[in-house]
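Sequential numbering from 913 applies to the sequence shown in our numbering. All C-beta atoms in this analysis are idealised placements derived from N, C-alpha and C, irrespective of residue type, glycine included. Keep in mind that this is a model prediction, so the values were computed, not measured. In what follows, a structure is listed as structure tokens, so that the remarks can point back to it.
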Amino acid sequence: MTIRNLDALFRPASLAVVGPNRFGAEAADLLLARIAGAGFRGQILTIACPGKADAAPARAVRSLADLDKAPDLALYLGAPKDAPAAVAALGGAGTRAVAALSPGYDRWDDATVTATLQAARPHTLRLLGPGSLGIAAPAAGLAAHLGVCEAGTGDLAFIARSGTVVNATLSWAKANGIGFSAIASLGQRTDVDVSDLLDWFALDYRTRAILVHLETIANPRKFLSAARVAARSKPVVVLRSGASRERIGERVTHAGRIAAQDAVYDAALARAGVLRVEDIDEMFEAVETVSRVKPVAGRRLAILATGGSLATLAGDQLERQGGQIAELDAETTAHLQPVMRQGETRANPLTLHETSSPERYGEAARILLKDRNVDAVLAVAAPSAFTRLEDVASELAKAHAASQSGYGRRKPLLVALTAGAPLPRQPLDAARIPCHASASEAVRSFMHLVRYADAREMLMAAPPSLPAGFTTDSERAQHLVRQALDEGRTWLHPGEISDLLACYGIHQVPSRLAATADEAEILARELLMQHERLALKLVSPQLPFKSDVGGVVLDLATPEAARAAAATLLQRIGAAHPKAEITGILLQPMVRSPSGTEIFIGLADDPSFGPVLLFGHGGTGVEVMGDVALALPPLDLNLAQALIRQTRVSKLLAGFRNRPAADLDAIALTLVKVAQIAVDLPEVRELDLNPLVADAAGVTALDARIALGEPQVHRGRHATSRLAIAPYPKEWEQQLQLKDGSLVDIRPVRPEDEDRYRRFFEKVSPDDLRLRFFAPVKEFNHAFMQRLVQLDYSRAMAFAALTPGTDEILGVVRLHADPDHRTGEYAIIVQSDLKGRGLGWALMQLIIDYARSDGIETITGEVLKENSTMLAMCEALGFTVRPSADDDAIAKVTLPVAAAQLGGSEPPEQTA
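Here it is in structure tokens:
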């Protein structure tokens, strides 16, 4: 991903409308009038765009050849066939961005898009569209768009694929007084995409929150990486459309049939720390709430309202949406007695009299905000002939201000003023208190806070690629799937499934496969010596859902009964499904657990996000019951337990009455193990463990099926991985010995390293910081530090050297790959007082080794020419050193990774 030259889209110094215009004079006139009316302060040109547009405050130029200086931004209205030549000429002249505009739907053919991108690439020119309505950046006076109306100035960034959604949002925002830091209409997304813009707005100080409308995601790894970075610094709210048009294709497992693509999007967005909404109204409602109020610590809400009906409606909505009515402590209840309506016995929801004074509202809110069992307070007020809502709003604002002073956690106050527009919300807006027109809207806003808090917690998860807690035999498992694929099979046989599950420590009931009815009798006799009853199951790749064809027989007590059942089953299935290949008959002991619960764990293959993990209530009705939650691998135990809690069956597993709780830790560990299968075995496309019996003794799989497919090979360290989220690369943790004999621990940088990084910089001299960052550094703010520690491991790596047994960082080396994963740019810095010990040399050797394993062909870097120590080390490592074409003070260093010789002699005075 890259934000290179995106400043030319949102902060251009000059712009041009480029023709010949194929949309008519009306479109060009509107565009130029918008640009002039917004107060754009740079030069405005029209190029090959004659007509009424000449009357606008723009200098007309006949052709690109007549330009004396190229504009930063070109707004292209010309024909698609002319776009490659126009982009090449603009890029060659110095233009840094082109937006291919259209007043409505517009799509270019693939050949034209490819040619245009090829024309742009040598100049690193960025292309927005085609089919884009344009760009707006009100604070910069930029209104380069063909939208329905102007965009007001504000602090919300809006990104949308659809021009129709842009128009709807502009209209809604104008009617509701909402302003924007920027708006970008993507159109066809040929170059600039959602991921690039998320990176841009994450660093934009004018942007308080980011709103995104999308339909599909072309590059899920890139998107999730950008979304995770953005969501760490500001709210990201996503509105997705298109679910009704999606159809699940032919799937061969329960997991594949259950994992609808929209549900996978839900899981992916939640993992990225993004808040998903269902419509435009909810999108702005969510932004108002999460940008004004910090995430809550739980879902316990206290409600106060005028009248029992309003209080009850709010409580009902809360329970429907998954919140909890807070259980107030005795002290709070006692303090509320004087303000409660006569006859009321329950303090939450708290019912006030319809004629209660504004001061009583404020007093009740103050008391509730102090209760340690309350995570947030909702005040619902209706108009009355005896009470002005303006006064109620003022008292609530005062109560909120009082709760924010002093020590302890600040709890949010939300308000619903159930009156007609306009609402008397000025005191609440001044106090940054979310205000809504109904109790249901306010409750939904509270649940936005809950979901946002959950998303931020998931956001920080970077599970190890080799989770602790169990060992695997991945080589044996890889051999099993490779052998099956080499034989032309897309299914594993029952014996192979048992072996593969054993490689990951997943307990399965003993199984024996019989080819004939006579063999079934022999195997049954052996099994019945140790077990009372047997189950008999059909095995056929073409009939994966055995129960659908009557392929399961239970409670067989004798070998003769097993033989008869097998013979009948083989005859019946052979007649009913003559084309089905019958692998055999599987015999298993019946598992009886009076307190056991049938659960389901599966893996599905999503076309966008790759492997998806599923968990829920199991058995033959797994698809009908629909009690299944989804997550993207990899998982750790915390994420696995969160997945379990999303299902209704989790309440059964927790135990009730005299039913003991199931071993939830064993269930979570099984989920982690299945997620590890997705990490290790990209050939596993779909997997069902259904049912598994979970009880206090653990988890046992009664039935399993695994479908296979050849993985696609791509560039990178894990060339066949299908994971959308790269796991924390635990395999790179190691210990290195420096030239003075001392040891340092090496591990990849993690998100929680921000404070360690800050302490590390305190031990680096100002001059060394200047050599590293090419300018004096006085302060490292939170946003900058996040860029250093929030890594997308699929395309970036940073190794920290630490003192063994401590968390003190001694040095860091990093490498960031380009989007094509061919070139990586390195940077390195070590504590100033450690020079001469060989740490810099060791870290450079490590990053070269990493680049080689990751498939990166070339390492590059920029070094100040005065940094002679670093240049000497680069030369000793095999880098070529050349002057930079852009800056005489900088040297460009380049290393072909394949030719790098590691372990060579360190330069004598190496002090990097």
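Practice task
Inspect the beta-carbon positions of R1356 and Q1236 and report whether they are closer than 8 angstroms.
Solution key: no
Practice task
Could you check which residue in L942, P962 and L1040 has the C-alpha nearest to that of Y985?
Solution key: Note that residue 985 corresponds to Leu in the displayed sequence, not to Tyr. With distances taken between Cα atoms, L985 lies closest to L1040.
Exercise for the section: Using only alpha-carbon positions, find the residue among A1687, I1409, A1469 and G1463 that is nearest to E1438. Expected result: A1469
Problem - Three-state secondary structure assigned by DSSP to L1378 - result: At L1378, the pLDDT of 49 sits below 50, so the modelled position is not reliable and the matter cannot be decided from this model.
Practice task
Give the secondary structure of W1020 by DSSP, where H, G and I count as helix, E and B as strand, and everything else as coil.
Solution key: coil
Practice task
Kindly list the residues whose CB is nearer than 6 angstroms to the CB of P992, restricted to its own chain and excluding five residues on each side of it in sequence; keep chain order.
Solution key: W1020 and T1024
Exercise for the section: With distances taken Cα to Cα, identify the nearest neighbour of K1323 among A1209, K1310 and D1228. Expected result: A1209
Exercise for the section: Could you tell me if the beta carbon of E1493 falls within a distance shorter than 7 angstroms of some heavy atom in the ligand ZN? Expected result: Absence of the ligand ZN is noted for the structure shown, with no ligands found whatsoever.
Handout entry: Minimum C-alpha distance to D1799 - residue among L1098, L1648, L1776 and R1569
Key = L1776
Practice task
Look up V1149 in the DSSP assignment and say whether it is helix, strand or coil.
Solution key: strand
Problem - Assigned exposure category for V1289 - 16 Cβ within 10 Å defines buried - result: buried
Problem - Host beta strand (DSSP E) of R1617 (start-end) - result: A1616 to L1620
Handout entry: Runs of alpha helix (DSSP H) wholly within the segment 1377 to 1438 (minimum 4 residues, chain order)
Key = 1386 to 1398 and 1406 to 1415
Practice task
Please report how far the alpha carbon of D1577 lies from the alpha carbon of Q1454, in whole angstroms.
Solution key: 35 angstroms
Exercise for the section: Work out the CA separation of P1594 and L1181 for me, nearest whole Å. Expected result: 22 angstroms
Practice task
Determine, using beta carbons only, whether A1351 and V1292 come nearer to each other than 8 angstroms.
Solution key: yes
Practice task
Figure out for me which residue from E1353, L1413 and L1755 has the closest Cα to the Cα of V1596.
Solution key: L1413
Handout entry: Per-residue burial, R1504 [other beta carbons within 10 Å of its own, 16 or more giving buried]
Key = exposed
Problem - Reference P1519, options Y1177, Y1117 and V1148, closest by Cα - result: Y1177
Practice task
Pair every Cβ in the segment 1494 to 1513 with every Cβ in the segment 1603 to 1611, then say whether three or more of these pairs are closer than 8 angstroms.
Solution key: yes
Problem - Cross-strand partners of L1746 (DSSP beta bridge) - result: DSSP output for L1746 lists no bridge partner at all.
Problem - Cβ-Cβ separation, L957 to P983 (assumed contact under 8 angstroms), whole Å - result: 6 angstroms
Problem - Start-end ranges of the alpha helix (DSSP H) lying completely within the segment 1771 to 1802, minimum 4 residues - result: 1780 to 1789
Practice task
Less than 8 angstroms between the CB atoms is what I'm expecting for I1170 and V1540, so what's the real figure, rounded?
Solution key: 5 angstroms
Handout entry: M1709 - containing beta strand (DSSP E), residue span
Key = A1708 to L1714
Problem - Cutoff 7 angstroms; reference L1700; Cβ partners in own chain excluding five residues on either side - result: Y1669
Exercise for the section: Excluding the 5 residues preceding and the 5 following V1199 in the sequence, name in chain order all residues of the same chain whose CB lies nearer than 7 angstroms to its CB. Expected result: L1068, A1121, L1123, P1147 and V1149
Exercise for the section: Evaluate contact between the segment 1635 to 1644 and the segment 1421 to 1431, counting only Cβ atoms and requiring at least three cross-stretch pairs below 8 angstroms. Expected result: no
Handout entry: Enclosing alpha helix (DSSP H) for I1485 [first to last residue]
Key = P1471 to A1488
Handout entry: Buried/exposed call for M1441, threshold 16 Cβ in 10 Å
Key = exposed
Handout entry: Contact the segment 1097 to 1116 vs the segment 1663 to 1682: 3+ CB pairs below 8 angstroms
Key = no
Exercise for the section: Go ahead and pull the three-state DSSP assignment for K1804. Expected result: strand
Exercise for the section: Out of A928, G949 and A945, point me to the one whose CA is closest to C905's CA. Expected result: Residue numbering for the chain in the displayed model covers 913 to 1824; residue 905 lies beyond these limits and cannot be assessed.
Handout entry: Cβ-based burial, S1156 [other Cβ within 10 Å; buried from 16]
Key = exposed
Problem - Enclosing beta strand (DSSP E) for F1527 [first to last residue] - result: G1522 to H1529
Handout entry: Alpha-carbon spacing of A965 relative to G931, whole angstroms
Key = Below a pLDDT of 50, predicted positions are generally treated as unreliable, and A965, at 47, falls in that range; the measurement from the model is reported next regardless. Rounded to whole angstroms, A965 to G931 spans 11 angstroms at the Cα level.
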